[in-house]
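Here the sequence shown stands for residues 1 to 260, where the numbers follow the numbering used here. Here is the structure we will look at, set down as structure tokens.
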Amino acid sequence: MATLNFTGRRELDRSQIQLRVRQDDGKVLLDVFSLGLEGMDLPGTAEVTVEAYRQTTKERVHCGTVDFLQTRQDVHLESFDVSDNIQLRVRVVGAEGTAHGKILAMADHLRGAAEEAQDSAPLLKLQRTDLGDLVWKFDIDNGPILCINKRLRDHDTVVNSVQFKALVLPEFFRQTAIWAARNIDDSDDANSTLSHWVSYFDSIGVDLSTLDEFDVDDPSYNDMVETWAAQAASTFAGQVSSLHIINAAAPAEEEFDERD
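Right, here's the structure in full:
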């Protein structure tokens, strides 16, 4: 099954990242040995963080900037009582200009062992299928799938175009967020597709705190899920600059006015 890098951000070399989570004298400690930024040509002012997380609990450790990187040891992760099932993510976030607040590079689902280098399967999966006259649709089969019409000409060019990503992916993301919210009680397995999606939402700044407040017996439950999913999709659209991409491809305003 095909996959798609839908954010355009760069992936850090996981084999060069060395982190360790350990427990000592009743405390959970993080050691940062290496973050794998060498040769990445990232902005020197971009901020670098390591985030420890388990389900909705998380704690972020600041490691300076790309040009002034700080490897840290014996960092007390006060949000955690035990080290079991803690995962880590390394993020490089822009600090200036149009890149401000944007995730420029990341590695996620790290296990916190210096000797381990783990692969991560892409979250967004593509499947070519017969959709009649539909170009695409959302489907669930062991996780969200973006189904693409198998009769679509020049398939690879279309689905990898920035316009396709800007128009289609925020809606795919919204529907994925609805699926995740409705199944959030099943996210205890840190290796499940659902858990990885929830982790991804968290990594781009989606507020997960309200998920714990959802109650299926609440008359407003459906509205709450829809509202949260819309906010999640908006956050994603901001990360991939959807509106900017579409506006950049549109005719200038004066050209549009002349034709109108």
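Note that CB positions come from ideal geometry on N, CA and C, so glycine has one too.
(1) Let me confirm a value: L208 is counted as buried when at least 16 other C-beta atoms fall within 10 Å, else exposed. Which label applies?
(2) Taking only runs of the alpha helix (DSSP H) that begin and end inside the region 154-206, which ones reach a length of at least 4 residues, in chain order?
(3) Tell me F80's beta-bridge partners as DSSP assigns them.
(4) Between the alpha carbons of S79 and Q175, how many angstroms are there, rounded?
(5) Across the region 221-238 and the region 197-205, are there enough close Cβ pairs to call them in contact, namely three or more that are closer than 8 Å?
(6) Does the distance from the C-beta atom of L69 to that of L35 stay below 8 Å?
(7) What's the gap between the Cα of D119 and the Cα of L126?
(8) Let me check understanding here. Comparing Cα to Cα, which of Q163, L211 and T227 lies closest to I246?
(9) Run through the DSSP bridge pairs and tell me what D139 is partnered with.
(10) How should H62 be labelled, buried or exposed, when 16 other C-beta atoms within 10 angstroms of its C-beta is the threshold for buried?
(11) Any idea if Q87 is buried or exposed, counting beta-carbon neighbours within 10 angstroms, 16 or more meaning buried?
(12) Taking the beta strand (DSSP E) that Q23 falls in, what are its first and last residues?
(13) Answer with buried or exposed for F33, where buried requires no fewer than 16 other C-beta atoms within 10 angstroms of its C-beta.
(14) In this structure, how does DSSP classify V28 when only helix, strand and coil are distinguished?
(15) Between A229 and N160, what straight-line distance do the alpha-carbon atoms span, to the nearest angstrom?
(16) What's the gap between the Cα of V90 and the Cα of G44?
(17) Please report the residue range of the beta strand (DSSP E) in which L88 lies.
(18) Between the C-alpha atoms of L42 and G94, what's the straight-line distance to the nearest angstrom?
(19) What first and last residue would you give for the beta strand (DSSP E) that runs through G64?
(20) Suppose the cutoff is 6 Å on Cβ atoms and the five residues either side in sequence are ignored; what does the same chain contact list for A177 look like?
This is what the structure gives:
(1) Here residue 208 is taken as the residue at index 208 of the sequence shown, counted from 1. With 16 or more other Cβ atoms within 10 Å, it is buried.
(2) Whole alpha helix (DSSP H) segments, 4+ residues: 155-159, 162-182 and 193-203.
(3) Indexing the sequence shown from 1 puts residue 80 at position 80. Answer is none; F80 lacks a bridge partner.
(4) Working through the sequence shown from its first residue, we reach residue 79 at position 79. Working through the sequence shown from its first residue, we reach residue 175 at position 175. Straight-line measurement puts the Cα of Q175 at about 31 Å from the Cα of S79.
(5) Verdict: yes, contact present.
(6) Locating residue 69 in the sequence shown gives position 69, where the first residue counts as 1. Locating residue 35 in the sequence shown gives position 35, where the first residue counts as 1. Yes; because the gap between Cβ atoms is below 8 Å, this pair is in contact.
(7) Taking the sequence shown and counting its residues from 1, the one referred to as residue 119 is at position 119. Taking the sequence shown and counting its residues from 1, the one referred to as residue 126 is at position 126. For D119, the predicted structure reports a pLDDT of 44, less than 50, and the residue's modelled location is therefore unreliable. The matter cannot be settled from this model.
(8) Here residue 246 refers to the residue found at position 246 when the sequence shown is read from its first residue. Answer by Cα proximity: Q163.
(9) As a position in the sequence shown, residue 139 is number 139, starting the count at 1. Paired residue(s): I145.
(10) If you number the sequence shown from 1, residue 62 lands on position 62. Exposed is the label assigned to H62, since fewer than 16 other Cβ atoms lie within 10 Å of its Cβ.
(11) The residue you call residue 87 lines up with position 87 of the sequence shown. Q87 comes out buried.
(12) Along the sequence shown, read from residue 1 onward, the residue named residue 23 stands at position 23. For Q23, the uninterrupted beta strand (DSSP E) segment begins and ends at I17 to D24.
(13) Mapped onto the sequence shown, residue 33 falls at position 33. Only exposed fits F33, as fewer than 16 other CB atoms lie within 10 angstroms of its CB.
(14) Translated into positions along the sequence shown, residue 28 becomes position 28. DSSP places V28 within a strand segment (E or B) once states are collapsed to three.
(15) The sequence position of residue 229 within the sequence shown is 229, counting from 1. The sequence position of residue 160 within the sequence shown is 160, counting from 1. Taking C-alpha positions only, A229 is separated from N160 by approximately 24 Å.
(16) Counting from one through the sequence shown, the residue named residue 90 turns up at place 90. Counting from one through the sequence shown, the residue named residue 44 turns up at place 44. Looking at the two C-alpha atoms, the distance is approximately 16 Å.
(17) Locating residue 88 in the sequence shown gives position 88, where the first residue counts as 1. Unbroken beta strand (DSSP E) run through L88: Q87 to V93.
(18) Here residue 42 refers to the residue found at position 42 when the sequence shown is read from its first residue. Here residue 94 refers to the residue found at position 94 when the sequence shown is read from its first residue. Taking the straight line joining both Cα atoms gives about 9 Å.
(19) What you label residue 64 is simply residue 64 of the sequence shown in a count that begins at 1. Counting along the chain, the unbroken beta strand (DSSP E) around G64 starts and ends at T57 to T65.
(20) Here residue 177 refers to the residue found at position 177 when the sequence shown is read from its first residue. So the list reads A229 and A232, once near-sequence residues are dropped.
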